[in-house]
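> First the structure, which I've put down as structure tokens, then a few questions once you've had a look.
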Amino acid sequence: MKKVVLGVAVLLLIASCKQEKKETTEANVAEVEMPKNDWEILFDGSSLDKWKEFQSDSVSGAWTIQGDALVYTPPSEGEKRVNHDLVTKEEFTDFVLSLEWKISEGGNSGVFWGVNEDEKFKTGYQTGPEIQILDNDKHPDAKAGTTHQAGALYDMVPPAKDVTKPVGEWNTMELTVDHKNNRGKVMLNGTEMVTFPIANEEWNTMVANSKFAGWDGFGTFKTGKIGLQDHGNIVSFRNIKIKQL
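Counting the sequence shown from 1 gives a position; this note's numbering is that position plus 362.
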């Protein structure tokens, strides 16, 4: 009788181990197959740990956290002018970037992607294509053509329309960069502003017809950093997050 009980116990133990192994294997498979579609917070109003200035290891006092916003403030009159473009520490390839921006009166700024920090480049815009941030009413760049207005792929593709909020109010922007499908897209305040190719001959033709024609490295880095532009005007950002595709 004892042998029978012992035998049953052994069988139960073996069955239990097999079940645990099966569950563990299924969990591991599920973990591997789970799509990477979670948002990564780049700035939530409390820390600049995921940012630094272009070709620097830190962030200067030009960028400050005010309330829940990241604010760039230019130097006072008479102070030395130094570029303070802000870039992510991490590089990205295919992604959706979501953020809110607020520009000052007469202000100008932008959001870059594909930024490379090789020492031969002096600013983020030398390599990173830009989605324009602008006071369309009072900044002179808005009069230089629609490809220079807010929401444009700067100097290449004009926005569908002007949907910007009045100066001092927050605008919500979403930038998609998808190399798998050779497609870029910008949404501003819920409206599709521009779609464009991001590689191959279509991209090369757009660059050749822009101010960036002949620029070494411009728009050529498939993987690069996200950048926030110092254009010498007060600009604010908040709720910055990214989802890799």
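No residue lacks a Cβ here, since even glycine has one placed at the ideal position from N, Cα and C.
Quick one: residues in its chain with C-beta nearer than 6 Å to the C-beta of H593, no 5 flanking neighbours on either side, listed in chain order?
By one-based count along the sequence shown, residue 593 stands at place 231. Contacts found: N470, S471.
> Please classify T450: does DSSP put it in a helix, a strand, or coil?
Sequence index remark: in the sequence shown, residue 450 carries index 88 (1-based). If DSSP states are grouped into helix, strand and coil, T450 belongs with the strands.
> What separation, rounded to the nearest whole angstrom, lies between the Cα atoms of N390 and E467?
Indexing the sequence shown from 1 puts residue 390 at position 28. Indexing the sequence shown from 1 puts residue 467 at position 105. Residue placement at N390 cannot be trusted, given a pLDDT of 47 that sits under 50; the coordinates are not used to answer.
> Quick check on Q488: does DSSP put it in helix, strand or coil?
Here residue 488 corresponds to residue number 126 of the sequence shown, with the count starting at 1. Reduced to three states, the DSSP call for Q488 is helix.
> Given this structure, state the Cα-to-Cα distance separating E402 from G552, to the nearest angstrom.
Translated into positions along the sequence shown, residue 402 becomes position 40. Translated into positions along the sequence shown, residue 552 becomes position 190. Approximately 21 Å between the Cα atoms of the pair.
> Going by Cα to Cα distance, which pick from E536, H446, T435 is closest to S420?
On the sequence shown, position 58 is the one that residue 420 refers to. Looking at the Cα atoms, H446 is the closest of the given residues.
> Could you tell me how far apart the beta carbons of W577 and Q488 are, in whole angstroms, since I believe they sit closer than 8 Å?
Residue 577 sits at position 215 when you count from the first residue of the sequence shown. Residue 488 sits at position 126 when you count from the first residue of the sequence shown. Going by Cβ atoms, the distance from W577 to Q488 rounds to 7 Å, so yes, they are a contact pair.
> Just reading off the alpha helix (DSSP H) that W324 is part of, what are its end residues?
For residue 324 there is no data in the structure shown, the boundaries of the chain being 363 and 607.
> Which of the three DSSP states is assigned to N543 in this structure?
Start at 1 with the first residue of the sequence shown, and residue 543 comes out as number 181. N543 falls in the helix class under three-state DSSP.
> Can you name the start and end residues of the beta strand (DSSP E) that F621 belongs to?
A query on residue 621 cannot be resolved here, the shown segment of the chain reaching from 363 to 607 and no further.
> Check for me: the beta strand (DSSP E) holding T557 runs from which residue to which?
The residue you call residue 557 lines up with position 195 of the sequence shown. Per DSSP, T557 belongs to the beta strand (DSSP E) from 553-558.
> Q511: buried (16+ other C-beta within 10 angstroms of its C-beta) or exposed?
The residue you call residue 511 lines up with position 149 of the sequence shown. Buried, by the Cβ-count rule.
> Count the other C-beta atoms from every protein chain shown that fall within 10 angstroms of the C-beta of R600, then say buried if there are 16 or more, exposed otherwise.
Position 238 of the sequence shown, counting from 1, holds the residue named residue 600. Result: buried.
> Hey, L404 and T435 are a contact pair by Cβ (cut 8 Å); roughly how many whole angstroms apart?
In the sequence shown, residue 404 corresponds to position 42, counting from 1. In the sequence shown, residue 435 corresponds to position 73, counting from 1. Not a contact, Cβ separation roughly 20 Å.
> Using 8 Å for Cβ pairs, my map puts M518 next to M568. What's the rounded Cβ distance?
As a working note, residue 518 is residue 156 in the sequence shown. As a working note, residue 568 is residue 206 in the sequence shown. Indeed, because the Cβ distance is near 5 Å, the residues count as touching under 8 Å.
> Is it buried or exposed, Q591, if we count other Cβ atoms within 10 angstroms and call 16 or more buried?
Numbered from 1 along the sequence shown, position 229 holds the residue referred to as residue 591. That one is buried.
> Out of V433, L459, T485, state which residue places its alpha-carbon closest to the alpha-carbon of I465.
Residue mapping note: residue 465 aligns to position 103 of the sequence shown, counting from 1. Of the listed residues, the one whose Cα sits closest to I465 is V433.
> Who are the Cβ neighbours of K365 in its own chain at under 6 Å, not counting the five residues just before and after it?
Locating residue 365 in the sequence shown gives position 3, counting from the first residue. The predicted position of K365 is uncertain, since its pLDDT is 45 and thus under 50; no value can be drawn from it.
> Please work out which residues of its chain come closer than 6 Å, Cβ to Cβ, to H501, disregarding the five sequence neighbours upstream and downstream, and give them in chain order.
The count along the sequence shown starts at 1 and reaches residue 501 at position 139. Within the same chain, H501 has close Cβ partners G468, N470.
> Give the straight-line distance between the Cα atoms of F574 and F580, rounded to the nearest whole angstrom.
As a first step, residue 574 is located in the sequence shown; it is residue number 212 there, counting from the start. As a first step, residue 580 is located in the sequence shown; it is residue number 218 there, counting from the start. Going from the Cα of F574 to the Cα of F580 covers about 7 Å.
> Tell me which same chain residues have a C-beta within less than 7 Å of the C-beta of Q494, skipping the five on either side of it?
Position 132 of the sequence shown, counted from the start, is the residue given in the question as residue 494. The residues are G472, H510, Q511, A512, G513, A514, Y516.
> Name the DSSP bridge partner or partners of G530?
Taking the sequence shown and counting its residues from 1, one reaches residue 530 at position 168. Its beta-bridge partners do not exist; DSSP assigns none.
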